[in-house]
Amino acid sequence: MHDKRSEISSLGEFGLINRINQYTTVHNPTSIKGIGDDTAVIDAGEEYILFSTDMLLEGIHFDLAYIPLQHLGYKAVAVNVSDIAAMNGRPEQITIGLGLSNRFSTEAIDSLYDGIRAACENFKVDLVGGDTSASASGLVISISILGRVKKDKVVYRSGAKPSDIICVTGDLGGAYMGLQVLEREKQVFLTNPEMQPDLEKYEYVVGRQLKPEARMDIIHDLAEWGIVPTSMIDISDGLASELLHVSSQSNVGVRIYEDKIPIDNETFDTAALEFNVDPITCALNGGEDYELLFTIRQADFEKIKNHADIQFIGYVHEDPKQNFMQSKMGAMVPLSAQGWDHFK
Ligand code: ADP
Ligand code: MG
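This note's numbering applies: residue 8 is where the sequence shown begins, and numbers increase by one.
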């Protein structure tokens with residue numbers, strides 16, 4: 008069965024995960040939800056336990072030339088908390104697997120853990136264990152997280168229903184533009200080490216890349232207003248990709264409106280004026296914003312319509328094959344997970 012050789016790239020990340028999923032058998036009735044959502048869901052009697060792992064690798068997810076270790080520590084925790092938030096849960100414990108090369112000093116590890124501690128403090132999470140090893144290929148940080156949610160409050164990617172309203176928090180595309188700025192400054196520095204980067208003008212977008220926040224504040228607001236979204240996912244890979252996950256898992260279609268997609272002014276100007284890329288493309292396909300995408304019943308709209316940090320970007324309909332963005336000019340642009348070209 009395994010004698011044929013095919014490249015992983017031909018499957019892609021999601022294809023690979025689907026393949027792993029096909030081989031996976033469930034042995035325990037406590038495994039309520041396995042592969043395929045932001046976290047696994049485990050029956051713990053009165054409540055559900057939420058359980059997930061996210062890994063950050065040097066050279067793949069971060070470059071120590073521009074991310075301070077303190078920020079990296081914070082980010083590694085925040086991206087895990089974000090997955091718990093996406094299930095409408097509260098984070099409780101983390102463990103940390105660390106792979107270290109010998110070029111790290113004790114002080115460097117102290118800085119990394121300063122950031123980890125700051126995130127634990129902010130999200131009220133306890134660091135309860137982990138593992139440490141030498142690494143031949145740079146720094147590896149793998150965090151597992153446990154959270155908790157009441158059984159009637161858990162939110163999956165699969166619950167969106169026709170006529171639900173599609174909501175996103177914060178603004179999108181900033182983290183991607185921040186990365187572009189940091190990459191550019193790094194190249195400038197490599198050619199001329201005398202040049203000090205001037206990042207003041209890009210403070211917001213660079214901050215979005217280096218210091219993402221998990222939106223636990225939104226989870227608390229939703230609870231306060233008595234709203235349980237019908238579906239939810241965190242935006243780690245770009246809005247288009249996450250919308251398509253909701254579409255396929257809920258077996259519904261989505262229609263969003265270009266002019267409703269929230270983009271910060273600094274993101275817009277940096278993209279359009281300096282990098283000559285379409286800000287909408289950054290929002291749709293740029294990753295790492297760690298905002299929340301969720302759907303609500305129309306009946307809940309009144310309760311949150313005035314929230315300053317939630318945008319209503321479209322609605323859910325019946326046909327899972329029809330996933331579109333209506334452009335400002337009125338054209339229907341199909342949503343695709345990558346490489347969306349701006350409609351002129
Ligand atoms: P997220 O972006 O929310 O962290 P991913 O896209 O990384 O989610 O993963 C999607 C789903 O696939 C999750 O349920 C995750 O637990 C599962 N998954 C990812 N990688 C593996 C793996 N190597 N083995 C088993 N399950 C995996
Ligand atoms: Mg996620």
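Just so you know, even glycine gets a beta-carbon here, dropped at the ideal spot from N, CA and C.
beta-carbon residue i near the ligand ADP non-hydrogen atom, thresh 6 Å
i    : result
L101 : Looking at the sequence shown, residue 101 is not Leu but Ile. Answer for I101: no, Cβ out of range of the ligand ADP.
I116 : no
S255 : no
S38  : no
S89  : no
S248 : no
P27  : For clarity, residue 27 is Ile in the given sequence; the question names Pro instead. Flag set: Cβ of I27 near the ligand ADP.
G245 : no
G43  : yes
I317 : no
I56  : no
I24  : yes
Other residues of its chain near residue i: CB distance less than 6 Å, five sequence neighbours each side excluded
i    : result
T176 : R222, I225, E298, L299, D316, I317
V147 : L64, G106
A83  : L63, I148, I150
N25  : none
I101 : V132, L134, I150, I152
L119 : L76, G80
F282 : Q187
L206 : V213
Contact check, residue i vs residue j, beta carbons under 7 Å
i    : j    : result
I242 : G180 : no
S108 : G145 : yes
I172 : I103 : no
A247 : L342 : yes
A126 : A85  : yes
G321 : I263 : yes
S255 : I152 : no
P98  : V132 : yes
P236 : F301 : yes
A72  : K193 : yes
Q77  : D121 : yes
S334 : E265 : yes
F21  : V88  : no
V195 : M202 : yes
S112 : A167 : no
Presumed contact (8 Å Cβ cut-off) between residue i and residue j, rounded CB distance
i    : j    : result
Y211 : V188 : Contact doesn't hold; Cβ gap of about 10 Å is too wide.
G178 : T274 : Note on identity: in this sequence residue 178 is Asp, with Gly being the wrong assignment. So it is a contact: roughly 7 Å between Cβ atoms.
H324 : P169 : 5 Å
G19  : T31  : Between T31 and G19 the Cβ distance is about 19 Å, and since that is not below 8 Å, they are no contact.
I234 : K310 : 6 Å
D61  : D90  : 7 Å
Nonlocal neighbours in the same chain, by C-beta distance under 7 Å from residue i, ignoring five residues either side
i    : result
H252 : R164, I240
I39  : V48, I49, D50, Y55
V284 : A278
D326 : G260
F69  : L63, L79
W347 : Legend: pLDDT at W347 = 39, less than 50; position of this residue unreliable, value from coordinates given subsequently. These residues qualify, in order along the chain: A247, T288, L291, N292.
A344 : A247, S248, L251
G245 : L291, N292, G293, G294
K158 : E54, Y55
R124 : none
N7   : Because the chain is modelled from 8 through 351, residue 7 falls outside the range shown and cannot be assessed.
Same chain only: Cβ atoms within 8 Å of residue i, ignoring 5 sequence neighbours per side
i    : result
A182 : V212, R215, Q216, P219, G293, G294, E295, D296, Y297
M356 : This structure cannot settle anything about residue 356, because the visible part of the chain is limited to 8 through 351.
H349 : Residue confidence is low: H349 scores 37 on pLDDT, short of 50, so the model does not pin down where it sits. Its coordinate-derived value is still stated next. Contacts found: D285, I287, T288.
F319 : I172, I173, C174, K267, F308, K312
P36  : D50
I303 : D171, I172, C174, I234, P236, T237, I311
M384 : With the chain represented from 8 up to 351, any question about residue 384 goes unanswered, as that position is not in the structure.
A141 : G106, L107, S108, N109
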